[in-house]
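S.K.: Chains F and G, in that order, give the protein sequences.
If you want this note's numbering, it's the position in the first sequence, counting the first as 1, plus 270.
If you want this note's numbering, it's the position in the second sequence, counting the first as 1, plus 2.
Take this structure first; my questions come after.
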Amino acid sequence: MYKRDKTSVLKVNFQKAFLLFCLVAFFGLASAQEANNVGSAGAKVKKIMGVISDEKGESIIGASIIVKGTNIGTITDMNGKFTLNVSEKSTLTVSYIGYVSKSVLVGAESNLKITLNEDSKNLEEVVVVGYGQQKKVTITGAVSQIKGAELLKSPVANLTQALVGRTAGVMSVQGSGQPGADDTQLRIRGIGTTGTATPLTLVDGIERSFAQLDPNEIESISVLKDASSTAVYGIRGANGVIIVTTKKGAEGKAVVSYNGSYALQSATKWPTFLKAYDFATVYNEALLNDNPLTNATFTPAEMQKFKDGSDPLFYPDTDWKSLLFNDYAPQNQHNININGGTKNTRYFVSLGTIHQEGLFKNFLEASGATNNNTYDRYNFRSNIDIDFTPSTTVNFQLGGYSAKRNSTRGQEGLASDGVFSKLFDSAPTATIGMYEGKIITLDRSGNRNVISNLTDGFVDYTNNSLNINLGITQKLDFITKGLTARAKIAYDNQYSRSRDFAHNQVTYTPIRLAAVAPDTIGQIVFRPNGEKADIIGDPTTNFSRSRQFYIDAALEYNTTFGKNNIGALFLYNQKKRYYHGLSYPEIPVGYQDFVGRITYNYDSRYLLEFNMGRNGSENFPKESRFGWFPALSAGWVATSEPFVQKLIGTDVLSYLKIRGSYGQVGNDQMNATRFMYLEQEYNAGGYGVFGETATKYASYIEGKLGNPNITWEKANKMDIAADMKFFKDKLSINVDYFSEDRSNIITTRKTVPSYVAISLQDGYNLGIVQNKGVEIEGGWNSKVRDFRYWINGNFSFARNKIIEMDETLNTDNPQLNRTGKSVGQIFGFVFDGFFNTADEIAAAPNYFGKKPVLGDTKYMDVNKDGVVDQNDQQAIGGPTFPEISYGVSVGFSYKGFDFSTLVQGSGNYSVVVTDRLYRPFAAFGGALENTLNRWSPANTPEQNAQATFPKLTVTYASLQNYYTSTLNTYDASYIRLKNVELGYTFSRKNLSFIGINSIRLFLTGQNLYTWDKLKIIDPEGNPSQSMKYPQMRVYNIGCKVQF
Amino acid sequence: MKIKHIIISIAILASAFGMVSCDDFLQVPDKSIFTIDSVFAKKINADKYMYSLYQDAPKILQNWGGSGDIAGYILAGASRTSITDEAGSLALQPAYNSHLVNAGNVNSTWFTTNQGEDDYARHWKTIRKCYIMLENIDNVPDMTTELKDRYKGEAKILVALEYFEMWKRYGGLPIITKTYTDADYPKTSRSTLKETYDFIISLCDEVIANPNLPAKTTLPLEFGRATKALAYGLKARTMLYAASPLFNSVTPYIDFGANNDLICFGNYDSNRWKAARDAALEAITYCEANGYAIVNDATKRTTGRNYIVATCKRPNEGNTEVMFGTTWATDQANIAVAWMARGRMGGSAVNTPTHNSVEFFTNVDGTSVNWNASMNADGTAGTAMLTPANQPEFYYKNLDPRFQQSIVYNGCKWSLTPDVIIQFYDGATTAVTDGLEGPKKAKSEFMYGFRKYLNDFEKSRAGFQPMNPVVRLAEMYMIYAEASNEFESAPTAAAFDKIDVIRTRSGMPVVNRALDKSQFKEYIRAERAREFFAEDHRYFDLRRWKTPQPFLKIYNMKIVKNADNTYSYQKYLHQNRYWADFWYLHPFPYAEVYKGYGLIQNPGW
């Protein structure tokens, strides 16, 4: 035994020696060819110093210098300098990520100046994909990646907003700009289901929200779009996946960066309200339209007072918007992070804060509180990588934030209670608002005063989030080369609390006593309403907590033989989320996934990839919880073929990859309803009231029927694409065509008769939706001497169609069927003018069971049955979510200056102007400017022919005049100057004396200008009474300092 | 070499899927859930289930600003009274859907959901609950057969009640006699009007034959539960509707071709009146033999207190007349808000009485105030009727005690302590002084307010527990008189007597015996308007009589306080309302018709 072992050791040694000899011989020959000089053992060792810079002359920090053939090396310091003891005539290999590595021969010179050229091909560029990374060149799925630096251009607190317009395939609508509650609704490749279409979002591999992360922490965001890239997420993958990766430390001296900015925010658009006199005029007209027998409310004398403002306490002309809101609100943001490490330990530590204020004026100052929106967030992150042994790396990531926001009470309640809808509730004539520190109400307008809605208290929210990842990667080269094992544990903790502080308030009604003498004005007294104390009471507090445990383990194998590159991955993970306030609170939400991937390529030319998820979701019956989600993809890099190179020439077409994928992914969500397969129990719910002293008697009611057959939505996705580069990579164009067939869509049943009267389960697999589209990304990147410039553009189009949705097809009026239309298609009437003449009325068909009268809205008899009624609706306008989205960014850098701008837009969608924005006077409310162009009996026929708003009404009894029609359905398309950034970087040379590496000053602007067709409010806002806080335009100034 | 790599890769992949899923990681809720069997395993649970049958019992007063568990929330907060000539809603508040009905803009999408007059689907939910009770109550081990019978009786009469509520609105209906699931339901189209009628009557008869359903709730805490009195009352009421012109006819209100039998009987049969008369008499006989009586305290007639007790109070407050009354929860202060003009008790003027409803009532001596003297022929305000100085109540003070208990008007006393006088007028000066109700603007659609249902809560809304008088004995008297008069060739003494009872107990003179058949018919109809003011009869009475004209012209009063402290009263046409003949029956919800099981929509919709 021993002997044999010895032999084998010897044998191994011999083999090693032979290999070593061969290597030395090879390198020796190579160097000999290059320099005609082989370093010999006896060569003289000397100290050399060098500086490494890029083409612009900027020094490169952290570049590595290795003496060829040895493991001697160093890295450059923060001035790009290095010193090294080397033997003369040795060769240095200088490399840095993103640059072409260079070999430099050490000669007599002791001071080296080495310039590295940027590697435009960037063959090593890697992209984060599901459970791993892949080289961009060999990717066969549809994945886009946004760099952290791009996200930093947007001076916004919410990271979801920074994504908008930056990449193809991401469509968005941002409905609210409220500090701390301004998530953008993101959809990947549009909408492919009538059910839940929200993409899966992950931060560092774990399902987490990323909206509240500090952009300074972000390395990149990957958007996985097709089946190939999302199959590993299987049952959750159908709506696309967004993977956020945080920054990691890099070997090198500690680099401290400070990034700070100050901004002013203002609303992109406010609705314009009528002034008191105009309001009173249209109000009187509306009253008379409703009931010609009525007496107009405002007398001419009163109207005059509104006009001349002679009696503002009793006859006010209140501009509620100015009374309640400031024009600008400040925001500031600071981040400091340290990045560095030794060979064995690398770290990235970041601390960030943002403070954002809202536009409300504060009416609670006396109580020491505020009703204004404020948002304060502290983000922290510490990512550490430690190489315990050359083959073992431990990765520890700790991240989180603590956020606090404040809002008015109304804002957080029902949409109809929101302050923004109250803005529509108050007429300019309602009350002066505040007078001598008193909140004034008048009987005239239902005793309304929006200030009461603002000052009835505030709600403060605390939201703390802690995320921990602990991972270990072990190279298993001793088993077989290229084999790696890794495992990860993650723990998340989320805590939020809301405290609702009611503020009792006293309002006053002014009363003018009868004049004591003729021609004098009576004394004014203020009658307090109610007997409330003017104090802020104890809060109503609500908590919410959740925690999540995640664990995964993976085996990975990568190897190369000849030109064959092969990779394999197997991963298992499981997750549980404990969340109080859940239905079935005793059972945490669970997922379990098995993931597999094989990649193969030959010479990075022929690419093949197979991904598979086997995932289980608790939402389905126990015996059918797990599904298989396979996807196959392939690619061909044509430009690697010699014949193609010969045919076209690499000068013109430098790169062409054709790729395609096909596979199936799933969706297990339906409005977070759990265990839909279970028959729900008879619940305690409802009650009967009996007794001579009425008493509630709690009762049981039948629960929902279970759907034992429920399963996941199945999405069959196809993607065909070409990635191209031209003119030495200056021009790049990527084109993707995709199509998706989503079946088994989880949706509600609509055809069960009322008389069955059973509570149906929310989800049945009934729908089929088809979604198809195109994405184009292009870029031009070049330079003229020191002037570098680029243009990047992206365009996405996705259109869906409902194939099936449990609808009984209406054969009498087929235009009413939703099947065949887009998800979110608007249905309404076709506007055909107003009834202007008696002749038109005589000729009119029956209108909703009545004869129309002058000024009524005329709709087309779409089904030509001689009656205009609800059967005459049809699809009008587009869907309610954009089918098109695009962004174009242009930028340049010249010497220290850099400039970039992003123009972004959405198209092919519509919005219905409704509720308070289309129905003035609601509940004593005000009126918008759009009411002035109404049909009016006082108008000339010519004026009425131009009218764009129906006859006014107070009661809305002529409701059909206000139905959704082509008259109030607007094209919601818009183009925005989304982002502009101008920066100047002071070069290091001028700064080194104060120990600062670099300073960059910058000005940025967000949402600077919008071109749109809606014009009433921001085109992304909801023009209804649930209108939210407006979107913000931001003017920002900031600096970034590196030490 | 190559093969080795491939083998390793495949082995890794295969191991991924070779693993059997660790079965128990994804948890499942406990199987021992509380099922229908658990409910009917114990009496105590079955009792609780029985309470749910009443969750959506008929309500008359609506909840304003409705919270989710309040049934009967219709017309977006307005009450049914505001879509009749009895009342209207504040015009300045467009949220009240009564405006839409009054202006003639009704569509089936909202009219038969909780935004309109009726929530169609809710009837079926109650019916399902009742059938679950009927199908499972026999399984309860610890319950006596008698009690099971009682619960069955309650469930059956509630099915009949829901069917009646639908039948009077929609005509013939799908007849459903058991519970179904989404998997086994039959496609049931509408039965004829007659079949549906027969179904309701047979249910009533079965309940009447049930020996274990009490005539009256015996325990105070059971008030609100269905009794056999409800079965008698419902049977009489159903027969009255069947005999009335809308249904008791050769041809329907609109020709519906082959489907005429869905919306009328297809013949006129005077025996339907006889049946209604007999059923009313049976109801009276049965009820009076079982402890019910018309509230008629001789000392309280002229104050109208008998009327208030009969319509708004519970048995412990002396109401011996209510055959079925329903209630909301313990304190419904917000309902009071809906029934009061603005400015008093936080009133919202959701429902305010019209001048038309004032004219339902005569003076206590039987004479009428000639209100028309103050109005021009074209409906504009005419020659003012002047009151003596400081007597704003002058023209109203002698009206029917039932009026005094139902409607507040300018100058009437709202409450004694504090002494609040209702003031609805435009002042001689524009000065608004403290304590006044102020000018009409933004206050109240009409110069009147409700008092009915608010009696005894003038000082505070706190503790307001309205009772909804769904069926009361007075109605049986009225049904008897009406059906008898229609059946007989001339009014009978018995019919006159019945009306006399109703009038006498409220301090009003007896009916003039000289009235002929058609005069008495009009008299009875007017008496129903008075006696059942704002009790949800008016809308359906005018439909079944096919006399919608009173809905059309709505009058108001212009009141001015003059410098000499006299008051000018001028009646004027306030509003023209709308009626279309296809409104005689409701539409089925649009979505329901398109579910594809053969539901035929009513004509005109």
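Just so you know, even glycine gets a beta-carbon here, dropped at the ideal spot from N, CA and C.
Tell me, to the nearest whole angstrom, how far the beta carbon of GLY327(G) is from that of TYR574(G); I am working on the premise that it is less than 8 Å.
M.R.: Not confirmed; about 38 Å, so no contact.
S.K.: Any heavy atom of the ligand SAM closer than 7 Å to the CB of ALA496(G)?
M.R.: As presented, the structure is devoid of all ligands, the ligand SAM included, so that no description of it is given.
S.K.: For THR549(G), does the three-state DSSP call read helix, strand or coil?
M.R.: Here DSSP, grouped into helix, strand and coil, assigns THR549(G) to coil.
S.K.: Leaving aside the five residues before and after LYS170(G) along the sequence, list all residues of the same chain whose C-beta is less than 7 Å from its C-beta, in chain order.
M.R.: TYR243, PHE542
S.K.: Between GLY1136(F), ALA501(F), VAL914(F), GLU1212(F), which lies nearest to ILE868(F) when the distance is taken from Cα to Cα?
M.R.: ALA501(F)
S.K.: For GLY174(G), go through chain F and note every residue whose CB falls closer than 9 Å to its CB, in chain order.
M.R.: Near GLY174(G) there are no residues of chain F at all, since even the closest Cβ is about 13 Å away, more than 9 Å.
S.K.: Using DSSP with H/G/I as helix, E/B as strand and the rest coil, what is TYR234(G)?
M.R.: helix
S.K.: Please classify GLN1140(F): does DSSP put it in a helix, a strand, or coil?
M.R.: helix
S.K.: Given a cut-off of 8 Å on the beta-carbon distance, is the pair PRO1122(F) and VAL1137(F) in contact?
M.R.: No. Outside cutoff.
S.K.: Does THR1078(F) get closer than 8 Å to chain G when you measure Cβ to Cβ?
M.R.: At a cut-off of 8 Å between beta carbons, THR1078(F) contacts chain G.
S.K.: Select from THR463(F), ALA432(F), SER527(F) the residue whose C-alpha is nearest the C-alpha of ALA1318(F).
M.R.: Summary: the structure shown does not reach residue 1318(F), with chain F confined to residues 271 through 1313, and so no result is reported for it.
S.K.: Would you mind working out which of ALA673(F), SER323(F), GLY807(F) sits nearest LEU483(F), comparing C-alpha positions?
M.R.: ALA673(F)
S.K.: For my contact list, LEU1271(F) and TYR1254(F) are in at a C-beta cut-off of 8 Å; report their separation, rounded to the angstrom.
M.R.: 5 Å
S.K.: Using Cβ-Cβ distances below 9 Å, what residues of the stretch 837-857 of chain F are close to chain G?
M.R.: GLY837, ALA838, LEU839, PHE840, LEU841, TYR842, GLN844, LYS846, TYR854, GLU856, ILE857
S.K.: Determine the direct distance from the alpha carbon of ILE1154(F) to that of TYR369(F), and round the result to whole angstroms.
M.R.: 37 Å
S.K.: Let me know if LYS751(F) comes out buried or exposed under the rule of 16 or more other beta-carbons within 10 Å of its beta-carbon.
M.R.: exposed
S.K.: Whose Cβ in chain F lies nearer than 7 Å to the Cβ of TYR122(G)?
M.R.: SER1024
S.K.: Specify the secondary structure class of ILE35(G) as computed by DSSP and reduced to three states.
M.R.: In the three-state reduction of the DSSP assignment, ILE35(G) falls in the coil class, being assigned neither a helical nor a strand state.
S.K.: List, in chain order, every chain F residue whose beta-carbon is nearer than 8 Å to that of ASN604(G).
M.R.: Ordered by position in chain F, no residue passes the 8 Å Cβ test against ASN604(G), which lies about 12 Å from the chain.
S.K.: From VAL914(F) to SER903(F), what distance separates their C-alpha atoms?
M.R.: 22 Å
S.K.: Just checking: is the beta-carbon of ALA1192(F) within a distance shorter than 8 Å of some beta-carbon in chain G?
M.R.: yes
S.K.: Might you give, ordered along the chain, the residues of its own chain that have their beta carbon closer than 6 Å to the beta carbon of MET1302(F), omitting 5 neighbours on each side?
M.R.: GLY447, GLN535
S.K.: Pick from SER360(F), PHE549(F), PRO1220(F): whose alpha carbon is nearest that of ILE336(F)?
M.R.: SER360(F)
S.K.: What beta strand (DSSP E) runs, 3 residues minimum, are completely inside the stretch 514-558 of chain F?
M.R.: 522-537
S.K.: State yes or no: is the beta carbon of GLY886(F) nearer than 8 Å to at least one beta carbon in chain G?
M.R.: yes
S.K.: Out of LEU470(F), VAL689(F), PRO858(F), GLU388(F), state which residue places its alpha-carbon closest to the alpha-carbon of SER329(F).
M.R.: GLU388(F)
S.K.: So, for ALA300(F): in the same chain, excluding its five sequence neighbours on each side, which residues have a beta-carbon less than 8 Å away from its beta-carbon?
M.R.: Bear in mind that a pLDDT of 37 at ALA300(F), under 50, signals an unreliable position, so the number given afterwards is only what the model happens to contain. Nothing listed; no residue qualifies.
S.K.: Please confirm if SER1228(F) has its CB atom under 8 Å from at least one CB of chain G.
M.R.: yes
S.K.: May I ask you to report which of helix, strand or coil DSSP gives LEU401(G)?
M.R.: strand
S.K.: Between LYS745(F), ILE709(F), ILE488(F), ASP1142(F), which has its C-alpha nearest ASN799(F)'s C-alpha?
M.R.: ILE709(F)
S.K.: Using a cut-off of 9 Å between C-beta atoms, extract the partners of GLU594(G) located in chain F.
M.R.: PRO1023, SER1024
S.K.: Are ASP873(F) and LYS833(F) closer than 8 Å when you measure CB to CB?
M.R.: yes
S.K.: At a Cβ cut of 7 Å, what residues of the stretch 558-570 of chain F count as close to chain G, listed as they run along the chain?
M.R.: ASP560, ASN561, LEU563, THR567
S.K.: With DSSP as the reference, label TRP330(G) as helix, strand or coil.
M.R.: Three-state DSSP puts TRP330(G) in coil, outside helix and strand.
S.K.: Starting from the beta carbon of LEU94(G), find every residue of chain F whose beta carbon is closer than 7 Å, and list them in chain order.
M.R.: PHE1194, VAL1224
S.K.: Short of 6 Å in beta carbon distance, which residues of its chain neighbour PHE843(F), apart from the five on each side in sequence? Order them along the chain.
M.R.: Per the sequence shown, residue 843(F) should be read as Asn rather than Phe. So the qualifying residues of the chain are ASP822, ASP863.
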